[in-house]
Amino acid sequence: MQNKKWILSAAVTVLFAVGVAVSVPPGFVVKAADQSAPSAVKIDNFSFGPANLTIAAGTTVTWTNNDDVPHTVVSDDKLFKSKALDTDDKFSYTFTKPGTYNYFCSVHPKMTAQIVVQ
Amino acid sequence: MSDYIKENLNRDGIDRRGFLKCMAWAGTGALCVLQGGVLKSFALSDVMRQKVGNLKGDLSFVQISDSHIGFDKAANGDVLATLREAIAKVNALPTAPSFVLHTGDLTHLSKPAEFDTLAESLKSLKTDEIFYVPGEHDVLNDNGEMFRERFGRNAMGDGWYSFDKNGAHFIGLVNVMNLKAGGLGNLGLDQLAWLQKDVANLKSSTPIVVFAHIPLWSVYPQWGWGTDDSEQALSYLKRFSSITVLNGHIHQTMQKVEGNITFHTACSTAFPQPQPGQSDSPGPMKVPDDRLRQVLGITDVNFVRGKHSLAIVDSTLA
């Protein structure tokens, strides 16, 4: 009798476990980060936020200026350079190659930041 | 109110303590004049009422700065109106300035229409000439080409030049171009080489006035308020007996006397900025509407031939 009970509860446990394994809520799918999802950098109070951003290769980064003064987004290595961005203006750049990209505002050069592309 | 400062502690006749005391009064509208080695100060209101005589220097000029035509945010919705008030203030001075210096940020976004409006407005200035140096807001998109074309005045390189008036030598410098990441204002090797040559043959007794947008002394590096290579420039000038450095950019008056160099920054005619470290960032600062005109202003400068220092007077719009 005890053996049967034991087997029964074990079987239930196994079934339960299997049941849990397969009853994954719909939509819950684990996959690699979407390479086309854009990333945002806000320019606020004379600083880039986030100051350090890590993204996957192929990501487009969009900068938006929220300050009352114009700023620019200029790569230290001259790889990209926005025109002067007035309040609410945006600039976008797609990073295709892995690496570390330092950039700054050429109008207020103390404003520096970095994008790390993986 | 008049006050004679009699302590004369230095061999060169300049009473440092008295001079500094005088400069501290300047913000409230005092006029300090060095006459015969003695510093005298007079209330500006007395000057205006012509109560004091013998104050006409050989040369007088005005500095205005940071008009930011095109700016229209919270700190000042009408920068053209406050510019016009500044012009009216200049035109009401007891001695009309021989010329006016604009120390940069004429415009907010380097747009042609903004330059047009600025040029048009300044036509009402009662003066013979206007000299300009660019601010970083004037050279946003074209490396300063448009600025030099319109306001360049026989300028060289990125827009530097010099001229003489009544025995004094004026030098316009550009420190807002080719700025490096993490850096401050920058003069660059070409400009420094030119400067060295420009002053090489002048007598050391020639009064020197340097004007540039970003301060040539280290006001607050964290906010970019300084110039990386200004030490080199000042080294070419230190043999002169009187050097005055006039800057803008920080939108508030600040002064420092270092030996024979007087550094001075002017108010903006458009909007104020916070004092060093008093805010997150150096951007436009909103003040109550009835206070705005108390933090905007002009600078009047008088120079008496043969005297050491220029008399520098800041006055606000209200």
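Just so you know, the protein sequences line up as chains A and B, in that order. Residue numbers for the first sequence follow my numbering, beginning at 499 and rising by one. Residue numbers for the second sequence follow my numbering, beginning at 444 and rising by one. Every residue gets a Cβ at the ideal spot worked out from N, C-alpha and C, and that includes glycine.
message: Strictly below 8 Å CB to CB, what residues from chain A border residue 666(B)?
response: 544, 608
Beta-carbon proximity list for residue 611(B), same chain, < 8 Å, skipping 5 on both sides: 502, 649, 650, 651, 652, 746
- prompt: Taking the alpha-carbon positions, what's the residue 758(B) to residue 545(B) distance?
  reply: 16 Å
field: For residue 741(B), the first and last residue of its enclosing alpha helix (DSSP H)
entry: Per DSSP, residue 741(B) belongs to no alpha helix (DSSP H); it is in the beta strand (DSSP E), 740-746.
- prompt: So which residues of chain B does residue 600(A) contact, with C-beta pairs closer than 8 Å?
  reply: 624
task: Determine the DSSP secondary structure at residue 514(B), reduced to helix, strand or coil.
output: Three-state DSSP puts residue 514(B) in coil, outside helix and strand.
field: Where the region 701-727 of chain B meets chain A: residues whose CB sits under 7 Å from a CB there
entry: 723, 724, 725, 726, 727
- prompt: Residue range of the alpha helix (DSSP H) that residue 568(B) falls in?
  reply: From DSSP, residue 568(B) is part of no alpha helix (DSSP H); its letter is neither H nor E.
message: I'd like to confirm the pairing. Which residues does DSSP put opposite residue 604(A) in its beta bridges?
response: According to DSSP, which records beta bridges pairwise, residue 604(A) is partnered with nothing at all.
Interface flag, residue 539(A) vs chain B, CB-CB below 7 Å: no
field: Chain-ordered residues of the region 551-578 of chain B with a beta carbon less than 8 Å from chain A
entry: 551, 552, 553
message: Just to confirm the assignment, what range does the alpha helix (DSSP H) spanning residue 589(B) have?
response: Counting along the chain, the alpha helix (DSSP H) containing residue 589(B) begins and ends at 588-594.
task: Tell me where the alpha helix (DSSP H) around residue 657(B) begins and ends.
output: Under the DSSP assignment, residue 657(B) falls outside any alpha helix (DSSP H); it carries neither an H nor an E label.
- prompt: Per the contact definition of three or more C-beta pairs closer than 8 Å, is the region 538-554 of chain A in contact with the region 563-571 of chain A?
  reply: yes
- request: Could you check the C-alpha separation between residue 572(B) and residue 542(B) for me, to the nearest Å?
  value: 5 Å
- prompt: Nearest to residue 678(B) by CA position, among 701(B), 657(B), 690(B), 738(B), is which residue?
  reply: That would be 701(B), whose Cα lies nearest to the Cα of residue 678(B).
query: When the Cα atoms are used, what is the spatial distance from residue 715(B) to residue 518(B)?
result: 8 Å
message: Against chain A, which members of the region 515-528 of chain B pass a CB distance test of less than 9 Å?
response: 516, 517, 518
- prompt: What does residue 582(A) reach in chain B if we use C-beta pairs closer than 8 Å?
  reply: The contacting residues are 552, 553, 583, 584.
field: Beta-carbon spacing of residue 655(B), residue 703(B) below 7 Å
entry: no
Member of 694(B), 523(B), 713(B), 553(B) whose CA lies at the smallest distance from the CA of residue 583(A): 553(B)
field: Residues of the region 547-570 of chain A with Cβ closer than 8 Å to any Cβ of chain B, in chain order
entry: 565, 566, 567, 568, 570
message: Using the Cβ count rule (16 or more neighbours within 10 Å means buried), how would you classify residue 734(B)?
response: exposed
message: Rounded to whole angstroms, what is the Cα-Cα separation between residue 598(A) and residue 550(A)?
response: 10 Å
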